[in-house]
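Colleague: In my numbering, the protein residues as written are 1 to 185.
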């Protein structure tokens, strides 16, 4: 039987939770350009909803549609709180354009954006890509101040809803295969 060390060394690479890149594309109408330091990303779970049916007097379970949670990103805050203001302004744009959603143009032009997250290997090569389309920030998290946190950096958690989700992975030939999963909120 292999030891844990032998098993790990027999694998090509292992996914590390600290090896990622996150990109946020705000709506096209958004004028502000800002560099955001993303501390963490929580990729939502994919749940297969099941339906229970009676089949010849016996209850069976059949697979249904997929459902997805929200995507959450945590950002390091600058002393001027520009990162927080960025998401507050995005909220305002979404609210102000709520009644104008049916105007000509795509959702990205009006109030929604896109998030792309790359999983990187030890050589900084993208091994997996997660794309979230039709992204809208729904919750701008609280700010937690504490007198006993001298060496800590203030963070901001932002939760997003999205229209659809796409996951791509590198095959053995390093071509990306894409799985498209759609979900409307």
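For glycine and all other residues, C-beta sits at the position ideal for the given N, C-alpha and C.
Keeping to the same chain, check which residues put their C-beta closer than 7 Å to that of residue 26; ignore five residues upstream and five downstream.
Modeller: Result list for residue 26: 90, 113, in chain order.
Colleague: Taking buried to mean at least 16 other C-beta atoms within 10 Å of its own C-beta, is residue 119 buried or exposed?
Modeller: Buried: at least 16 other Cβ atoms inside 10 Å.
Colleague: For residue 55, is the classification buried or exposed, using 16 other Cβ atoms within 10 angstroms of its Cβ as the cut-off for buried?
Modeller: Its Cβ having fewer than 16 others within 10 Å, residue 55 is exposed.
Colleague: Give me the Cβ distance between residue 71 and residue 24, rounded to the nearest whole Å; I'm assuming they're in contact under 8 Å.
Modeller: At roughly 11 Å, the Cβ-Cβ gap does not stay under 8 Å, so residue 71 and residue 24 are not in contact.
Colleague: Residue 2: buried (16+ other C-beta within 10 angstroms of its C-beta) or exposed?
Modeller: When all chains shown are included, residue 2 counts as exposed.
Colleague: Our contact map puts residue 117 next to residue 46 with C-beta atoms below 8 Å; I'd like the distance itself, whole angstroms only.
Modeller: In fact, because the Cβ distance is near 15 Å, the residues do not count as touching under 8 Å.
Colleague: Looking only at its own chain, which residues have a Cβ that is under 7 Å from the Cβ of residue 39, when we skip the five neighbours before and after it?
Modeller: Once the five neighbours on either side are set aside, the close Cβ partners of residue 39 are 74, 75, 76, 155.
Colleague: For residue 22, count neighbouring C-beta atoms within 10 Å of its own C-beta (all shown protein chains included) and say buried if the count is 16 or more, exposed if not.
Modeller: With 16 or more other Cβ atoms within 10 Å, it is buried.
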